[in-house]
Amino acid sequence: MIKMDYKRITLLCGHYGSGKTNIAVNMALDLKAKYDKVLIADLDIVNPYFRTKDSIEDLNAAGIKLIASEYAGSNVDIPALPQEMYSLTDDLSAKAIIDVGGDDRGALALGRLSDKIKLENNYEMLLVINKFRPLTPDAESTIEVMAEIENACKIKITGLVNNSNLGYLTTGEDVLNSVEYANEISRLTNLPVVCTTVNETLYNELNGKIENLFPLKLQKKIN
Amino acid sequence: MVLKMADKVLMKGNEAIAEAAILAGCRHYFGYPITPQTEIAAYMAKRMPKIGGCFLQAESEIAAINMVYGVAATGKRVMTSSSSPGISLKGEGISYLAGADLPSLIVNVQRGGPGLGGIQPSQSDYFQATKGAAHGDFHMLVLAPASVQEMADLTVKGFELADKYRMTAMVLADGTMGQMMEPVSLDYDVKNTVEKPWATTGTNMEREHNIVNSLFLSPEKLEEENFKRYDRYKLIEENETMYEEYMMDDAEICVSAFGIASRVAKNAINEARAMGIKVGLIRPITLWPFPKAPFKKAGEQVKSIISVELSMGQMIEDIRLASECKVPVTLCNRAGGMIPTPEQVLEAIVNANNGGAK
């Protein structure tokens, strides 16, 4: 099992549909195994459909505090942010995961926190990438999205999470084939591939073949 | 960016519609954002400038549909998309498109209503799409996808049929279809060869002016146009009806559902089959023209029909008509943005099998 080296704050950003929310919830659960006080914040102002709040039962059961707009998952379709988001930068005793909204539009919401996050300087800003998404099929297009996000949120990305997958059709070979894509982005940006995430059902097949493999328990949308 | 279309990609339904439209030759998109279809506009905003196309966020849905009218009059493939309340706003323009016999593609990613309603998935615009989009005698071709792959396939098909019959095709999806992600392959041999001698492309001083209009000064002429349009509709009913049958061969109970509801229904049917209940599915793919033939046959074959809908029961009326009321047709539904579970549908199947259908 991968040993993640978590900073006090781990931010997950990326193209919409790249898998940020799923990974954020899984990382929060992973963090909770090692640390007592874990927060997860849903700062997504872009997509009102798939939210961290969908995993509230798992998070509650694990004792992880969810910070989300009270409108998340409701019919109130406004880009609201939770007032409790300020505890992310004020409560230095907690480890925090921040699920940022998709693309540059979603990353814009971070601007309110970015100065404090940079001042504390104990964070990791991870870009979630998936080569099977239509607008990020290669290194060039992915780096374009990355630049847009960095520009919007004023925080530099510090690492990559390779979440290349084709949904329920994903094979071990697909994931193996995505390693070169992630490595090329890594070479071009000088950013490390922090981990490669796979559905837990593929973990045994790929364990040992890919460095830093992170198994994901897929989160379901509740309705 | 080069998208190799034969390769599988992981797409949201909304993105699949947008990319398929581009592949079908659509270079004009006009829209106004509304959940749960905004990714269509967002995708078009990113892609159109890169391929010499036009993405324009109009000041309203009404403006957008009239821009569609303008481009359609020139014979170019054009589309707009919205969700339920936005489609209501487009109604006037949809009627004008019909009156002027203009081809266009309109996407409705439905959400719960009526009124502003909610943002969660719904199928409660069935009546609107198939019977009452706006004033006047007219129909739209209505295509109902049940997977992300079909979101793309039926978009391409919609453009082709719209051109062929000079009318509006609507892709009637719902919030689930728009938002869910599935692997798709976008590999099309797109037909874009329909001659459009009526298009307003400039006379080059070599022919009479083409005039695209839905106003007719003589009632006799207007009546004639209506009759001509309905002759065309008859052809469409004969040639373009699409549906899927699943395990209907020996079925004693028939479940009917379209779009996302059909996927829930299939799960329930598989469970019921495992329990030994002979049940099958008819899934209309074209909602207009409605596939009457399989329901007429079902009316003579099964004990009862269950209509599974994300509405208060709209398609059920067409099922009753098509099956000529020969067997009871019951409703299994959720509304207001909620989705029936396979368990709920299974319970309805078990009840029907026990003769519980009223």
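The listed protein sequences correspond, in order, to chains R and C.
Mapped onto the working numbering, the consecutive letters of the first sequence carry residue numbers 45 to 267.
Mapped onto the working numbering, the consecutive letters of the second sequence carry residue numbers 115 to 472.
In this text, a Cβ means the ideal position worked out from N, Cα and C, and glycines have one as well.
It should be emphasised that the depicted structure is a prediction, and the values quoted were computed from it without experimental measurement.
Exposed or buried, residue i, counting other C-beta atoms within 10 Å across all chains shown (16 or more means buried)?
i, result
"K472(C)", "The pLDDT assigned to K472(C) is 47, lower than 50, so where the model puts this residue is not dependable, and the model offers no usable value."
"I67(R)", "buried"
"H142(C)", "buried"
"V270(C)", "buried"
"S101(C)", "This structure cannot settle anything about residue 101(C), because the visible part of chain C is limited to 115 through 472."
"M181(C)", "buried"
"E274(C)", "buried"
"V116(C)", "Low confidence applies to V116(C): its pLDDT is 43, below 50, so where it sits in the model is not reliable enough to give any reading."
"I199(R)", "buried"
"I165(C)", "exposed"
"A371(C)", "buried"
"A130(C)", "buried"
"V304(C)", "exposed"
"G227(C)", "buried"
"R231(R)", "exposed"
"K348(C)", "exposed"
Where do the N-terminal and C-terminal ends of the alpha helix (DSSP H) with residue i fall, by residue?
i, result
"Q127(R)", "No alpha helix (DSSP H) holds Q127(R); DSSP gives it neither H nor E."
"C197(R)", "183-197"
"P199(C)", "198-213"
"Y183(C)", "175-187"
"K76(R)", "64-76"
"F273(C)", "262-279"
"I463(C)", "456-467"
"Y357(C)", "Per DSSP, Y357(C) belongs to no alpha helix (DSSP H); it is in the beta strand (DSSP E), 357-360."
"Y247(R)", "247-250"
"S222(R)", "216-233"
"N91(R)", "Element bounds for N91(R): n/a, residue is neither H nor E."
Who are the near neighbours of residue i in its chain, counting only those whose CB is closer than 8 Å to its CB and skipping five residues on each side?
i, result
"A187(C)", "A214, L216, A313, T314, V326"
"T152(C)", "N128"
"V238(R)", "M48, E168, L170, G203, L204, V205, N256"
"L460(C)", "A382, E385, A386"
"L179(R)", "H59, S185, V189"
"N267(R)", "Note that N267(R) scores 46 on pLDDT, short of 50, meaning its location in the model is unreliable; the coordinates nonetheless yield the value given after this. Contacts found: none."
"E249(R)", "G216"
"R95(R)", "T65, D86, D88, A112, A116, G117"
Within a Cβ cutoff of 6 Å, which residues of the same chain sit near residue i, ignoring the five residues on either side of it in sequence?
i, result
"E175(C)", "Y146, S196, G200, L203, K204"
"L132(R)", "A85, A140"
"N340(C)", "D251"
"F330(C)", "L336"
Provide the residue span of the beta strand (DSSP E) that contains residue i, from first to last.
i, result
"I53(R)", "53-58"
"T444(C)", "443-447"
"Y50(R)", "No beta strand (DSSP E) contains Y50(R), which DSSP labels as neither H nor E."
"G203(R)", "203-206"
"S131(R)", "First-last for S131(R): 131-134, but that is the alpha helix (DSSP H), not the beta strand (DSSP E)."
"Q171(C)", "168-171"
"M169(R)", "167-173"
"V326(C)", "Neither: V326(C) is in no beta strand (DSSP E) and is coded neither H nor E."
"N256(R)", "Element bounds for N256(R): n/a, residue is neither H nor E."
In its own chain, which residues sit with a C-beta less than 7 Å from the C-beta of residue i, not counting the 5 before and 5 after it?
i, result
"L300(C)", "M119, E133, A134, L137, A266"
"A212(C)", "G250, F252, M281, T282"
"N70(R)", "L260, K261"
"K175(R)", "P181, S208, S222, Y225"
"G189(C)", "K310, A313, T315"
If contact means a Cβ-Cβ distance below 7 Å, which residues of the segment 170-196 of chain R contact chain C?
N174, F176, R177, P178, L179, P181, S185
By the 7 Å beta-carbon criterion, what residues does the segment 206-235 of chain R contribute toward chain C?
N209, L210, G211, L213
Contact set between the segment 289-304 of chain C and chain R, restricted to residues whose Cβ is under 8 Å from the partner:
G289, Q293, M295, E296, P297
Contact between the segment 219-232 of chain C and the segment 449-460 of chain C is defined here as three or more beta-carbon pairs at a separation below 8 Å; is this criterion met?
yes
Three or more C-beta pairs under 8 Å: does that hold for the segment 399-408 of chain C against the segment 240-247 of chain C?
yes
Members of the segment 257-274 of chain C near chain R, C-beta cut-off 8 Å:
Against chain R - using a Cβ distance shorter than 8 Å - the segment 257-274 of chain C contributes no residues.
Are the segment 410-426 of chain C and the segment 434-443 of chain C touching by the rule of at least three beta carbon pairs closer than 8 Å?
Short answer: they touch.
Could you please tell me which residues of the segment 106-122 of chain R, in chain order, have their CB closer than 8 Å to any CB of chain C?
N119, D121
Taking a Cβ distance cut-off of 8 Å, strictly less, list which residues of the segment 407-434 of chain C are near chain R, in chain order.
none
What are the residues in the segment 58-80 of chain R lying within 7 Å of chain C by C-beta distance?
Look at the segment 58-80 of chain R: the residues with a C-beta under 7 Å from a C-beta of chain C are G61.
Near-chain R residues of the segment 122-154 of chain C (beta-carbon distance less than 8 Å), N- to C-terminal order
K122, V123, L124, M125, K126, E129, E133, T149, P150, E153
Could you say if the segment 145-152 of chain R and the segment 75-95 of chain R meet the contact criterion of at least three C-beta pairs nearer than 8 Å?
yes
Taking Cβ-Cβ distances below 7 Å as the criterion, which residues of the segment 121-144 of chain R are in contact with chain C?
Residues of the segment 121-144 of chain R whose Cβ lies closer than 7 Å to any Cβ of chain C, in chain order: D121.
If you pair each beta-carbon of the segment 422-430 of chain C with each one of the segment 350-360 of chain C, do three or more pairs fall below 8 Å?
No: the two stretches stay apart, fewer than three of their Cβ pairs being nearer than 8 Å.
Cβ contact check for the segment 112-120 of chain R and the segment 156-166 of chain R: 3 or more pairs under 8 Å:
Under the Cβ criterion (8 Å, minimum of three pairs), the segment 112-120 of chain R does not count as touching the segment 156-166 of chain R.
Note down, in chain order, all residues in the segment 228-239 of chain C with a beta-carbon under 7 Å from any beta-carbon belonging to chain R.
G232, I233, Q234
If contact means a Cβ-Cβ distance below 7 Å, which residues of the segment 325-357 of chain C contact chain R?
none
For the segment 159-178 of chain C, which residues have a beta carbon sitting closer than 7 Å to at least one beta carbon of chain R?
K160
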